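Here is the structure we will look at, set down as structure tokens.
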Amino acid sequence: MFILGIEAATPVASVAVAAEGKILAERMVNNQRTHSVNLLPMIRDTLLDCGVNKKDLSGIAVSIGPGSFTGLRIGMSTAKTLAQVLNLKVAGIPTLDVLAYPLSGLAGLICPVLNARKSELYAALYGWDNGQQVCLKPAFASGVKQLAELLLSYNQQVTFLGDGLTEYQSELNSLMGDLARFAPKCASFPRGAVVAEIGLARFTAGQCESPMHLLPKYVRKSEAEIKWQERCRSGHGQC
1 MFILGIEAAT PVASVAVAAE GKILAERMVN NQRTHSVNLL PMIRDTLLDC GVNKKDLSGI
61 AVSIGPGSFT GLRIGMSTAK TLAQVLNLKV AGIPTLDVLA YPLSGLAGLI CPVLNARKSE
121 LYAALYGWDN GQQVCLKPAF ASGVKQLAEL LLSYNQQVTF LGDGLTEYQS ELNSLMGDLA
181 RFAPKCASFP RGAVVAEIGL ARFTAGQCES PMHLLPKYVR KSEAEIKWQE RCRSGHGQC
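Okay, so the sequence shown: first residue is 1 according to UniProt numbering, each after it adds one.
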């Protein structure tokens, strides 16, 4: 079974192919080109790297958010189009699950954070139970102080990771003191290899769906949606 993993929820685009027990190839870029320019060549080259023909793929896993609205739309539309062309099913993987997964087994709590703009973070909370990583609180949007208050209520060490730390690490450190730990910057971005590995497990367990049913987890309304709703409430513009 070969699973293609696509990650485009953040400024970093990443693509990987997983097979039973291993990652066969992975590519990652963080440049000024948009994901709409990067993704298809990356998919082509990643498949070439591991000698897998696209017709040999068993399924496609894709990061479904939260994250960049534009990045999610590009990543998910790419995954859905490929799946339809190749007659494959898909598995949607929450982006914060992708960030937290490589830290499985770490003592204490894991809190991936992505910059949600508007002075907020996308965050989720994970722990460890009976040898399995468990999601204690699924993705939500929060201000930094509110997030720190929530985490302090657990009275446990918390390891943070994600691109939200670029702007908010010092504030989190100040608010949480010795209970805060921070993963290295190489862990700041979700990886296609993790999407592919989790996706492989999902497909093996039969947890996949038609690409027509795949939906993003935005968590928060986009700016365009907010403005549209404001126009509707004010009576200006069509609804």
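Virtual Cβ for every residue (Gly too), placed ideally from N, Cα, C. Please read these numbers as outputs of a predicted model, since none were measured by experiment.
One alpha carbon belongs to Gln157, the other to Leu150, and they sit about 13 Å apart. No residue range can be given for Pro94, since it is assigned to no beta strand (DSSP E) and is classified by DSSP as neither H nor E.
Distance between Phe2 and Leu165, taken at the CA atoms: about 34 Å. Residues Glu7, Met28, Arg191 and Gly192 of the same chain have their beta carbon placed closer than 6 Å to that of Ser14, with the five preceding and five following residues left out of the count.
When the Cα atoms are used, His35 and Asn53 turn out to be separated by approximately 22 Å. By the criterion of a C-beta distance shorter than 6 Å, Gln133 is surrounded in its chain by Ser104 and Tyr126, once the five residues flanking it on both sides are discounted.
In terms of Cβ geometry, Gly162 and Leu114 form a close pair [threshold 7 Å]. Residue pairing for Met28: DSSP places it in a beta bridge opposite Ser14. Rounded to the nearest angstrom, the gap between the Cα atoms of Thr204 and Gly131 is 20 Å. Two segments are said to touch when three or more pairs of C-beta atoms, one from each, lie closer than 8 Å; by this definition the region 82 to 92 does not touch the region 116 to 123.
Taking a C-beta distance under 7 Å as the contact criterion, Leu214 and Ala18 do not qualify as a contact pair.
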